[in-house]
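Protein chains in written order, with our numbering: chain A, 5 to 212; chain B, 139 to 235.
So the structure is just underneath, and the comments pick up after that.
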């Protein structure tokens, strides 16, 4: 493998300036889809326009890591009962679970439905229930989490799938509330929680 | 530039991938569709794709920025591979599904 160092030169073709000799230098390089960038990787710079025109394979591990790190934020501001439902389920799975388990629990359900392991239709009744405002005044809780772009895309596909199936426009918060109620019915209420083995294994991993 | 046959193009590309003498052409950013640059496939995965490719999956055209450079395109195994040779490297423009 040809290993480059800053200052090395290589023959390349710049889309703007044609054939040039690019010089390797450390640069922050954005991803073409606009989501995030990679800080300080060795890349070949055009001597004329100074744009990045060459990426060497030795930068690929850092590119891959940066992509993995490009987490997306999710924010939910919901009546307290929904967060309590997630916490009650976490407690049933693992008495030592902390609030850190809310995210994997929620995203576990998102993943099952996004990949067809659980039918999307099952969520319908819970979402309808979630649309009814709570009877008495209830404090609100903010739930914020960072998820991978893959999980973010899966949640977006659920929101779209449910909106299409039920012919109304749902938000990610509506779907999150529906999932919390489904978790209540499947994990908090029954004598033996559903998906117990899977969720215990996940809980053990995040408590390392 | 004298035109080379498909077999020779493929053999050279494989040799560059195996020896790690390849680069990715960029246009100011990292092309997320380039699975080799992104680390979603390895150089050996691309070698495997090339080994299974055949002449009818190959085409060639001049580089739009410099017509003295021959661009090679191989559509194989669900992937679109586009590259040119710029000694001592092979420069990949596309490695995408």
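Beta carbons are placed, not taken as given, at the ideal position from N, Cα and C, and that holds for glycine.
Residue from the options with nearest C-alpha to residue i
| i | options | result |
| --- | --- | --- |
| residue 10 of chain A | A:49, A:89, A:94 | A:49 |
| residue 21 of chain A | B:164, B:144, B:230, B:180 | B:164 |
| residue 109 of chain A | A:199, A:82, A:13 | A:199 |
| residue 128 of chain A | A:209, A:168, A:19, A:62 | A:168 |
| residue 184 of chain A | A:72, A:75, A:126 | A:126 |
| residue 207 of chain A | A:163, A:88, A:111, A:52 | A:111 |
| residue 210 of chain B | B:232, B:225, B:190 | B:232 |
| residue 199 of chain B | B:183, B:218, B:222, B:229 | B:222 |
| residue 185 of chain B | B:225, B:224, B:214 | B:214 |
| residue 54 of chain A | A:68, A:39, A:32, A:38 | A:32 |
| residue 211 of chain A | A:154, A:101, A:156 | A:101 |
| residue 131 of chain A | A:154, A:205, A:39, A:189 | A:189 |
| residue 69 of chain A | A:89, A:93, A:88, A:40 | A:40 |
| residue 226 of chain B | A:171, A:14, A:205, A:182 | A:14 |
| residue 93 of chain A | A:197, A:171, A:117 | A:197 |
C-beta contact flag for residue i and residue j at 9 Å
| i | j | result |
| --- | --- | --- |
| residue 98 of chain A | residue 203 of chain A | yes |
| residue 155 of chain B | residue 181 of chain B | yes |
| residue 64 of chain A | residue 175 of chain B | yes |
| residue 220 of chain A | residue 180 of chain A | An answer regarding residue 220 of chain A cannot be provided, because it is not within the stretch 5 to 212 covered by chain A. |
| residue 18 of chain A | residue 178 of chain B | no |
| residue 159 of chain A | residue 192 of chain A | no |
| residue 36 of chain A | residue 168 of chain B | yes |
| residue 3 of chain A | residue 186 of chain A | Only positions 5 to 212 of chain A appear in this structure, which leaves residue 3 of chain A out of reach. |
Interface flag, residue i vs chain A, CB-CB below 9 Å
| i | result |
| --- | --- |
| residue 183 of chain B | no |
| residue 200 of chain B | no |
| residue 227 of chain B | yes |
| residue 194 of chain B | no |
| residue 203 of chain B | yes |
| residue 175 of chain B | yes |
| residue 213 of chain B | no |
| residue 190 of chain B | no |
Neighbourhood of residue i by C-beta distance below 7 Å, restricted to the same chain and skipping five residues each side
| i | result |
| --- | --- |
| residue 16 of chain A | 24, 26, 48, 57, 58 |
| residue 81 of chain A | 144, 146 |
| residue 144 of chain B | 193, 196 |
| residue 140 of chain B | Reliability fails at residue 140 of chain B, whose pLDDT of 38 lies under 50, so the model's placement of it is uncertain and the value that follows must be treated cautiously. Here the set comprises nothing. |
| residue 46 of chain A | 8, 10, 28, 30, 60, 62, 63 |
| residue 66 of chain A | 42, 45 |
Test: residue i CB closer than 9 Å to a CB of chain D
| i | result |
| --- | --- |
| residue 222 of chain B | This model lacks chain D altogether; the protein chains it does include are A and B. |
Contact set for residue i: own chain, Cβ-Cβ below 6 Å, skip 5 residues either direction
| i | result |
| --- | --- |
| residue 173 of chain A | 167 |
| residue 148 of chain B | 188 |
| residue 171 of chain B | 234 |
| residue 142 of chain A | 83, 84 |
| residue 71 of chain A | none |
| residue 51 of chain A | 24 |
| residue 148 of chain A | 79 |
Chain B contact for residue i (CB, 9 Å cutoff)
| i | result |
| --- | --- |
| residue 52 of chain A | no |
| residue 47 of chain A | yes |
| residue 156 of chain A | no |
| residue 36 of chain A | yes |
| residue 14 of chain A | yes |
| residue 142 of chain A | no |
| residue 5 of chain A | yes |
| residue 9 of chain A | no |
| residue 146 of chain A | no |
| residue 58 of chain A | yes |
| residue 116 of chain A | no |
| residue 132 of chain A | no |
| residue 55 of chain A | yes |
Cβ-based neighbour list, residue i, same chain, cut-off 8 Å, excluding 5 preceding and 5 following
| i | result |
| --- | --- |
| residue 61 of chain A | 5 |
| residue 91 of chain A | 103, 106 |
| residue 135 of chain A | 178 |
| residue 12 of chain A | 27, 28 |
| residue 190 of chain B | 214, 215 |
| residue 176 of chain A | 78, 80, 159, 160, 163 |
| residue 230 of chain B | 160, 161, 162, 163, 172, 174, 175, 219, 220, 221 |
Residues from the segment 61-76 of chain A in contact with chain B, defined by Cβ distance under 7 Å: 61, 64, 65, 67, 68, 71
Under 8 Å, CB to CB, which of the residues in the segment 140-171 of chain B have a partner in chain A? 157, 158, 159, 160, 161, 162, 163, 164, 165, 166, 167, 168, 169, 170, 171
The segment 82-105 of chain A: positions lying closer than 7 Å to chain B by Cβ: none
Against chain B, which members of the segment 18-44 of chain A pass a CB distance test of less than 7 Å? Correct list: 19, 22, 23, 33, 34, 35, 36, 37, 42.
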